[in-house]
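The structure under discussion appears below in the form of structure tokens.
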Amino acid sequence: MAISKQVFRSGPYRDLFAQGVKVGNILTLAGQVGVDSQGKVPEDLVDQTRLAYEQIGAVLKEFGASMDNIVDETIFVTSMTEAMGNVEAVFAARAEAYGGIPEVSNTMVQVVGLVSPEMKIEIKCIAHL
Amino acid sequence: MAISKQVFRSGPYRDLFAQGVKVGNILTLAGQVGVDSQGKVPEDLVDQTRLAYEQIGAVLKEFGASMDNIVDETIFVTSMTEAMGNVEAVFAARAEAYGGIPEVSNTMVQVVGLVSPEMKIEIKCIAHL
Amino acid sequence: MAISKQVFRSGPYRDLFAQGVKVGNILTLAGQVGVDSQGKVPEDLVDQTRLAYEQIGAVLKEFGASMDNIVDETIFVTSMTEAMGNVEAVFAARAEAYGGIPEVSNTMVQVVGLVSPEMKIEIKCIAHL
Chain A
9 MAISKQVFRS
19 GPYRDLFAQG
29 VKVGNILTLA
39 GQVGVDSQGK
49 VPEDLVDQTR
59 LAYEQIGAVL
69 KEFGASMDNI
79 VDETIFVTSM
89 TEAMGNVEAV
99 FAARAEAYGG
109 IPEVSNTMVQ
119 VVGLVSPEMK
129 IEIKCIAHL
Chain B
9 MAISKQVFRS
19 GPYRDLFAQG
29 VKVGNILTLA
39 GQVGVDSQGK
49 VPEDLVDQTR
59 LAYEQIGAVL
69 KEFGASMDNI
79 VDETIFVTSM
89 TEAMGNVEAV
99 FAARAEAYGG
109 IPEVSNTMVQ
119 VVGLVSPEMK
129 IEIKCIAHL
Chain C
9 MAISKQVFRS
19 GPYRDLFAQG
29 VKVGNILTLA
39 GQVGVDSQGK
49 VPEDLVDQTR
59 LAYEQIGAVL
69 KEFGASMDNI
79 VDETIFVTSM
89 TEAMGNVEAV
99 FAARAEAYGG
109 IPEVSNTMVQ
119 VVGLVSPEMK
129 IEIKCIAHL
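Protein chains in written order, with the numbering used here: chain A, 9 to 137; chain B, 9 to 137; chain C, 9 to 137.
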């Protein structure tokens with residue numbers, strides 16, 4: 009059953025998976041991590057959060073969308089203690105990315121690890137266009 | 009690209025995220041945990057499961073929907089040993105919430121932790137209205 | 009609010025949840041693990057990966073769909089070290105299942121454990137038909 013996908017690929021894993029896939033009105037995004045433009049992952053969780061949302065914004069832009077289009081987030085952190093200990097700063101970085109209080113459902117869980125050991129947060133989003 | 013979202017907010021995190029977001033026919037729910045009406049988390053996993061499904065039912069109700077509308081669940085537990093050791097009681101609480109065998113796809117994984125250390129289960133659902 | 013679901017059930021958990029649920033154009037799949045036709049889980053991660061994708065393909069087939077219909081994957085592994093240490097073989101097994109570079113968004117995280125201790129990978133997919 010053929011479907012028509014719109015796909016955006018980027019970065020070191022571009023031959024493995026897409027950063028965003030749009031079919032109909034649904035856009036699924038790959039989990040985004042806190043990597044800067046040089047591929048460096050800062051140590052600070054809040055900095056990683058800010059960068060992860062920048063990546064999300066960049067993927068959305070490729071589809072003519074913005075943060076307003078996100079409907080659901082799953083946040084994977086490697087330390088809930090660190091996340092909740094910095095919860096105001098983490099969510100302030102998020103609020104800045106969204107430009108206010110987002111209309112987004114959210115789930116946050118602590119996992120053992122992400123793709124690279126220095127990563128502390130990965131954010132997986134579903135958007136609607 | 010403006011989209012029209014219907015949003016339900018509730019509880020201590022109401023300024024951070026929504027408990028449910030509906031766009032088109034899709035309703036995404038925030039992960040629900042086993043908190044009672046006083047904000048207390050019972051120690052027992054089965055009690056937490058029952059309460060988490062009550063929360064899910066309450067969110068669905070805000071959108072004029074019911075458990076029948078759920079299509080997919082991701083269950084995050086903090087101990088698979090405890091979950092599988094009580095699998096019949098856990099799934100009986102779930103069957104009671106659904107009023108029978110649910111028509112729902114399911115994924116269950118063990119994470120390191122949820123937002124608060126006393127939480128043993130978090131259930132993230134996607135519904136279709 | 010009644011919705012019309014198409015459901016596929018199979019295997020030991022058939023009375024607990026569905027392997028696939030289709031409503032409208034969206035098909036959600038239960039997380040698939042590396043179990044062979046005798047219910048045995050091979051020790052090797054790459055073998056488990058191949059079998060998990062076979063299961064995914066089998067669920068899709070029940071809905072008249074194929075791997076091309078998948079839009080999003082969440083991969084839960086129990087050892088990122090093992091997954092990344094075998095990343096080429098793991099993704100080669102995946103590429104073989106898809107018949108090329110998939111147009112799929114992807115998130116991979118390390119969890120503590122899956123339903124059975126011998127399971128090393130579980131793959132949760134969303135498809136569009």
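Heads up, the beta-carbon is just placed ideally off N, CA and C, and yes, glycines get one too.
### Query
For the region 31-60 of chain B, which residues have a CB atom closer than 8 Å to at least one CB atom of chain A, in sequence order?
V31, G32, I34, T36, L37, A38, G39
#### Entry: Strand pairing of I11(B), partner residues [DSSP]
Locating residue 11(B) in the second sequence gives position 3, where the first residue counts as 1. Per DSSP, none; premise fails for I11(B).
### Message
Alpha carbons only, please: which of S113(A), M92(A), P20(A) is nearest the one belonging to V54(A)?
### Response
Counted from its first residue, the first sequence places residue 54(A) at position 46. When only C-alpha atoms are compared, the closest one is M92(A).
### Task
Determine the direct distance from the alpha carbon of T115(B) to that of E104(B), and round the result to whole angstroms.
For this step, residue 104(B) is matched to residue 96 along the second sequence. For this step, residue 115(B) is matched to residue 107 along the second sequence. Cα to Cα, the separation comes out at about 19 Å.
### CB-CB length for R102(A) against T36(A), believed under 8 Å
In the first sequence, residue 102(A) corresponds to position 94, counting from 1. In the first sequence, residue 36(A) corresponds to position 28, counting from 1. The Cβ separation is near 20 Å, so there is no contact.
### Query
Does the beta carbon of F25(A) come closer than 7 Å to any beta carbon on chain C?
Along the first sequence, read from residue 1 onward, the residue named residue 25(A) stands at position 17. At least one chain C Cβ lies under 7 Å of F25(A).
### Query
Thinking just about the alpha-carbon of each residue, which of E90(C), V85(C), V31(C) is nearest to the one in V117(C)?
In the third sequence, residue 117(C) corresponds to position 109, counting from 1. The candidate whose alpha carbon is nearest that of V117(C) is V85(C).
### Message
Residues in the same chain with beta-carbon distance under 6 Å from V123(A), minus the five sequence neighbours each way, listed in chain order, please.
### Response
Here residue 123(A) refers to the residue found at position 115 when the first sequence is read from its first residue. Answer for V123(A): no residue qualifies.
### Residues sharing a beta bridge with I83(A), DSSP
Residue 83(A) sits at position 75 when you count from the first residue of the first sequence. Beta-bridge pairing links I83(A) to M116(A), I131(A).
### Query
To the nearest angstrom, how far is it from the Cα of Y21(C) to the Cα of D52(A)?
Translated into the one-based positions of the third sequence, residue 21(C) becomes position 13. Translated into the one-based positions of the first sequence, residue 52(A) becomes position 44. Approximately 42 Å, taken between the alpha carbons.
### Query
Smallest Cα separation from P125(C): which of I11(C), S87(C), Q46(C)?
Locating residue 125(C) in the third sequence gives position 117, where the first residue counts as 1. Per the Cα distances, S87(C).
### Query
Does the beta carbon of E96(C) sit closer than 7 Å to a beta carbon anywhere in chain A?
Counting from 1 along the third sequence, the entry for residue 96(C) is found at position 88. Closer than 7 Å: no.
### Query
Under the three-state reduction of DSSP, which class applies to A26(B): helix, strand or coil?
Locating residue 26(B) in the second sequence gives position 18, counting from the first residue. Here A26(B) sits in strand by DSSP.
### Task
Kindly say whether S113(C), judged by its beta-carbon, lies nearer than 7 Å to any beta-carbon of chain A.
Stepping through the third sequence from its first residue, residue 113(C) is reached at position 105. Closer than 7 Å: yes.
### Closer than 7 Å to chain C by CB, M88(B)
Along the second sequence, read from residue 1 onward, the residue named residue 88(B) stands at position 80. Judged by the 7 Å Cβ criterion, M88(B) is in contact with chain C.
### Message
Here's the rule: buried if 16 or more other CB atoms are within 10 angstroms of the residue's CB, otherwise exposed. What is D76(C)?
### Response
The residue you call residue 76(C) lines up with position 68 of the third sequence. Classification for D76(C): buried.
### Query
Closer than 7 Å, Cβ to any Cβ of chain C: which residues of the region 100-129 of chain A, in chain order?
V119, V120, G121, L122, V123
### Task
Taking the CB atoms as reference points, tell me whether I78(A) and V112(A) lie closer together than 7 Å.
Here residue 78(A) is taken as the residue at index 70 of the first sequence, counted from 1. Here residue 112(A) is taken as the residue at index 104 of the first sequence, counted from 1. Cβ distance < 7 Å, so I78(A) and V112(A) count as in contact.
#### Entry: Enclosing beta strand (DSSP E) for L35(B) [first to last residue]
Start at 1 with the first residue of the second sequence, and residue 35(B) comes out as number 27. Note, L35(B): beta strand (DSSP E), 34-37.
### Message
Within the continuous alpha helix (DSSP H) that includes R17(B), where are the two ends?
### Response
By one-based count along the second sequence, residue 17(B) stands at place 9. Note, R17(B): premise wrong, no alpha helix (DSSP H); not H, not E.
### Task
Identify each residue in the region 67-92 of chain B for which the Cβ-Cβ distance to at least one residue of chain A is less than 7 Å, and report them in chain order.
F84
### Task
Pick out whichever of D23(A), G19(A), F16(A) has its Cα sitting closest to the Cα of I109(C).
As a first step, residue 109(C) must be located in the third sequence, where it is residue number 101. Considering only alpha carbons, the answer is D23(A).
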